[in-house]
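Heads up: the sequence shown begins at 65 in the numbering used here, then just goes up one per residue. These notes are about the structure you will find just below.
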Amino acid sequence: MKTAVVILNWNTKEYLRQFLPGLIRSCEGLDAEVIVADSASTDGSMEMMAEEFPTVRRIPLDDNYGFTGGYNRALAQVEAELLVLINSDVEVTPGWLEPLAGWMDSHPECGACAPKLLSYYDHDRFEYAGAAGGLIDRWGYPFCRGRVMKRVERDEGQYDTPADVLWATGACLMVRSEVWKHFGGLDDRFFAHMEEIDLCWRMQLEGWKVQVVPGSVVYHLGGGTLPADSPWKLQLNFRNNLLLLENNLARTFVLDGLGPARALRKANRKIGLRMMLDGASACIYLLTGKWEYAKSVYRAHEAYRNLRRPVTLPELEAYRQRFAPRARVAGRWKGSIILQSFLRKDGIFAYLRKHIHS
65 MKTAVVILNW
75 NTKEYLRQFL
85 PGLIRSCEGL
95 DAEVIVADSA
105 STDGSMEMMA
115 EEFPTVRRIP
125 LDDNYGFTGG
135 YNRALAQVEA
145 ELLVLINSDV
155 EVTPGWLEPL
165 AGWMDSHPEC
175 GACAPKLLSY
185 YDHDRFEYAG
195 AAGGLIDRWG
205 YPFCRGRVMK
215 RVERDEGQYD
225 TPADVLWATG
235 ACLMVRSEVW
245 KHFGGLDDRF
255 FAHMEEIDLC
265 WRMQLEGWKV
275 QVVPGSVVYH
285 LGGGTLPADS
295 PWKLQLNFRN
305 NLLLLENNLA
315 RTFVLDGLGP
325 ARALRKANRK
335 IGLRMMLDGA
345 SACIYLLTGK
355 WEYAKSVYRA
365 HEAYRNLRRP
375 VTLPELEAYR
385 QRFAPRARVA
395 GRWKGSIILQ
405 SFLRKDGIFA
415 YLRKHIHS
């Protein structure tokens, strides 16, 4: 099989009922299969699938292992050249799959690619989860072309040229099977949130490209599993952002030309400064009466310390010798996205288009 399009479901029966028919139709006549993996849902999702979509392959999991563990376990049971991770709350457009598969065929250096992600509620605006591809600022805060903080930009064709990015959204992400297997899939420690950023960054550190293919368009509803104001979601984001930086910063600084020892010191300083910025965020939460959010930051840092796997100097030296001559990480910006968003307000998008080059 050429392409496996895999939904990881957890208690989203109604989304499956709403969006799965269109996804199935979009794959008809192609060398592609739609698969639904289920994370031990309790809402009758699999019973509904058996009754209403009996021909769709189902992969039942025995527990909810999160986005990371669920996809790692599900995709270990799938044989295909290309793997598509797609959320159950994504509405695809006719012909969305062909541009992605065609791009991978004609660009063998591309390890992962994604469509342009627009809002299900407003088809003329980008959607928060990934918009037109993801970047990261000097302090490790991710943002997107078309989405900065809580601002989303109207799609006027400004990002309709394929581009190298640091990361592409896990809401709809195509990955080469060989690359997925090489990297062991997603980092299980993340559970959910920022795991796709980590995988895309790790790919680039070993010479693969991550790209957005705007000839493909899908619409994302968003927030189907965890609401935006969830303290647990906030904790995952703060914790995983630190894991993300620890996994990738030191190796990235090696690619910048630093020796392993200097790269490691610089990475550790950057992570320490980022933790101080997190502490400032916690103080703001306290001052504004958001006690649960402040607790989320504290718990995130505690969990990060428990989950750390620090990179060692011998590992960095081995990495430098093997990958430094050919790897490149796109989508890094030397500015501060929080500061510029505050200063520029709605002008932030024009400012970024002028000042950021992949």
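We treat Cβ as the ideally placed atom computed from N, Cα and C, and that holds for glycine. The structure displayed is predicted, hence computed values, not measured ones.
- Taking each of VAL277, ILE420, GLY411, ALA138 in turn and checking the Cα distance to ARG215, the smallest one comes out for GLY411.
- Of the residues GLU92, CYS177, VAL375, VAL70, the one whose Cα lies closest to the Cα of GLN268 is CYS177.
- Per the C-alpha coordinates, the member of ALA414, PHE131, LEU139, PRO295 positioned closest to ASN151 is PHE131.
- By the 16-neighbour rule on beta-carbons within 10 angstroms, PHE406 is exposed.
- Between the alpha carbons of PHE387 and GLU270 lies a distance of about 6 Å.
- In this structure, the CA atom of ALA256 is about 31 Å from the CA atom of GLY221.
- With contacts defined by Cβ atoms closer than 8 Å, GLU366 and PRO324 do not form a contacting pair.
- DSSP places HIS284 inside the beta strand (DSSP E), whose first and last residues are 273 to 284.
- Beta-bridge pairing by DSSP links MET238 to VAL148, CYS177.
- The residue from LEU403, LEU285, VAL239 with its alpha-carbon nearest to that of GLN275 is VAL239.
- Minimum Cα-Cα distance from PRO389 among the listed residues SER400, LEU328, THR316 corresponds to THR316.
- In the structure shown, ASP262 falls within a helical segment according to DSSP collapsed to helix, strand and coil.
- In the DSSP assignment, GLY353 falls outside any alpha helix (DSSP H), carrying neither H nor E.
- Along the length of the segment 102 to 156, whole beta strand (DSSP E) runs at least 3 residues long occupy 121 to 125, 146 to 150, 154 to 156, reported in chain order.
- Your pair VAL282 and VAL156 checks out as a contact, with CB atoms roughly 5 Å apart and the cut at 8 Å.
- If the five residues before and after GLY133 are omitted, its C-beta is found closer than 6 Å to the C-beta atoms of ASP252, all from its own chain and listed in chain order.
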